[in-house]
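Okay, structure first, notes after.
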Amino acid sequence: MEQKPHIRIQDLSVFFGRQRALKNITIDIPDKKITVIIGPSGCGKTTLLKCLNRLVEPLDGVKVSGKIFVDEEDIYDPKVEVTHIRKKMGLLSQKPQVLPMSIYDNVAYGPRLHGQKNKKKLGQIVEHYLQMAKLWEEVKDRLSEPASRLSVGQQQRLCLARGLAVEPEIILGDEPTSALDPQSSQNVEKRLIELKNDYTVIVVTHILRQAKRIADYIAFLYMGELIEHGPAEGVFANPKDPRTRAYLTGEIS
Amino acid sequence: MRLLKDALASKVMLVLTFFPGLVVFLIIIGLYLRGRPILAEKPLFSLLFSSSWAPGRGDFGFFPFIMGTLWVTAVALIVAVPISLLASIYLSEYAPRAVQEFIRPMIDLLAGLPSVIYGVWGVLLIVPLVARIAPFFGGTSSGYSILAGGLVLAIMIFPTIIYVSLEVISSIPYELREASLSLGATKWETVKHVVLKKGLQGIIAAIVLGLSRALGETMAVLMVVGNIPKVPQSVFDGGYPLPALIANNYGEMMSVPLYDSALMLAAGVLLVIVLVFNVLARIILVRVERRAG
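Going down the list, the sequences are from chains L and D. Going by this note's numbering, the first sequence opens with residue 1, and the numbers climb by one from there. Going by this note's numbering, the second sequence opens with residue 1, and the numbers climb by one from there.
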């Protein structure tokens, strides 16, 4: 890879109790590209994603070994503040999780936590990021309504705006379109493609066609192991491992 | 034949379902009929707001008892609500699984203890304790007081509030917490802004359940509250809540005229208080629901 990687994962293993969810994963994730993690359900895609912002914490029988470097900083180092790590990343989950508050407060939530108290500035931030998520026009007249009244597609874009508002460097998407209708899915995909100009995007999906549409870089996970990874065209056109080929042709899913 | 059975089953269940509602209705009618004699002789207003209680002379003022009930309940809620809420937050958000598994059965056990045991324990421990600390607050107290009653009640309603709010809080999806955490919120910020807000309705319901229990609890309170028919001036004074009044005197009214009727009316008043609080809670719930959307 010619570019400097944004995230480096070294020999990462995760155990839930005695079960091993991830086995010795080592991969560099390129800066300002869309990396798509594919693989059958239960292969550890989501676990891997959640490790990146430490939502997988070594607690209650969970064991994490190996290292993850974000901007050359080891995020599982006990000295690192977890909120500092998480602030660097925006998360889009499978089902949009709007916070139980107004549309405005959903976006302002992060900036407020991080100390932004100026009302006028907050207003600007909210507008800016709602624009960026292409939601502003639809909600500008009802910012004080509970966010739960939005449609699911709008909620997912709200979650995107909310994530962007903490000024992350990385966007994490955990099957971000799985609860959405085709139109909203396309909408979210477009946003992700626009975002890679400024952000490193990592998306988990089990929809191969989606991976083909948006991926610059592909990582294929199977039963907790990283089988193959590389630039998207290469992996799709010419998979090296038989299991990758089997997955891409639909023999295993 | 099978269809007949099916039809029959649904009819029987319908009747059985209406039964509890019918009982409430019957109780109200019964209390009203038995309370009517005293209402015929004295205006309701003076019964409710007079502080003079001397059945021998024909004085029946419920005000001290109403105030006794409200005071004891208020003390119980002020003590129990914050502690139970923090406990259930700790158990659901912070506690390692081992602690949870250890504490939960204890809470269930606490809920199942007969109230007389709480009463005895209150007499042995809480009453002397209250007598001991009263001087520090510039008063004297025998210990048998509103505060003792409230504390015993608080402990009795812990399990109810903890149990219900724990259920509510644990039903909130983990992904919602992750959404807040992933924005860089700390655990406490997540609890404060997201978990409590999301669970507010259920938590209010939990508090109302505790409140209803506190308003009606008889035995344990009766044993520690002092049973003095005067409007309490401080939490160190003795009081005399409505349930205790009824339980203590019903059956020992001798042949004092109207006494029986007065106690029935007292029961009616208690019922109305419980109803009012329940309706208020309903209104609050609807409000919260509307705001949450």
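Every residue gets a Cβ at the ideal spot worked out from N, C-alpha and C, and that includes glycine. Predicted model only: the values in this text are computed from it and were never measured.
Where DSSP assigns a beta bridge to Leu196/D, which residues make up the other side?
Its beta-bridge partners do not exist; DSSP assigns none.
Taking the alpha carbon of Arg213/L as the reference point, which residue from Asn187/L, Tyr222/L, Pro242/L, Glu225/L has its own alpha carbon closest?
Asn187/L
Quick one: list the residues of chain L neighbouring Gly184/D, beta-carbon separation under 8 Å, in chain order.
Thr83, His84, Arg86, Lys87, Gly110, Leu113, His114, Val166
When DSSP builds the beta bridges, which residues end up paired with Lys67/L?
Note: Lys67/L sits in a beta bridge opposite Gln10/L.
Contact between the region 197-211 of chain D and the region 127-141 of chain D: three or more CB pairs below 8 Å?
no
Paired residues, beta bridge with Lys23/L - DSSP:
Glu225/L
Output the boundary residues of the alpha helix (DSSP H) element that contains Leu31/D.
It spans 2-41 - the alpha helix (DSSP H) in which Leu31/D sits, taken as one unbroken run.
For Tyr217/L: DSSP bridge partner residues:
Thr35/L, Pro231/L
Assign Ile202/L to one of three DSSP states: helix, strand, or coil.
Assigned with DSSP and collapsed to three states, Ile202/L falls in strand.
Is the CB-CB distance between Ala131/D and Ser142/D below 8 Å?
yes
Tell me the rounded alpha-carbon separation between Lys4/L and Ile89/D.
44 Å
Put Ser84/D into one of helix, strand or coil per three-state DSSP.
Ser84/D carries a helical assignment under DSSP once its states are collapsed to helix, strand and coil.
Judging by CA-CA distance, which residue of His193/D, Leu86/D, Ser10/D, Pro229/D is the nearest neighbour of Ser165/D?
Leu86/D
Cα-Cα, which of Val107/L, Pro40/L, Gly115/L is closest to Val139/L?
Selected option, being the one with the closest Cα: Val107/L.
If Ile146/D and Val75/D are in contact, beta carbons under 8 Å, what's the gap, nearest whole angstrom?
6 Å
Can you give me the C-alpha to C-alpha distance between Ile284/D and Leu12/L, rounded to a whole angstrom?
50 Å
Can you pull the chain L neighbours of Leu181/D, defined as C-beta to C-beta under 7 Å?
Within 7 Å Cβ-Cβ: Leu55, Arg86.
Is Cys159/L near the ligand NAD - that is, is its Cβ less than 7 Å away from at least one heavy atom of it?
Ligands displayed in this structure: none; no statement on the ligand NAD is therefore possible.
Decide if Ala54/D is buried, meaning its Cβ has at least 16 other Cβ atoms within 10 Å, or exposed.
exposed
Determine the extent of the beta strand (DSSP E) in which Leu91/L is found, giving its start and end residues.
89-92
For Pro229/D, decide whether its Cβ has a neighbour in chain L, counting only Cβ atoms nearer than 8 Å.
no
Comparing C-alpha positions only, which one of Thr205/L, Ile218/L, Thr83/L sits nearest to Ile29/L?
Ile218/L
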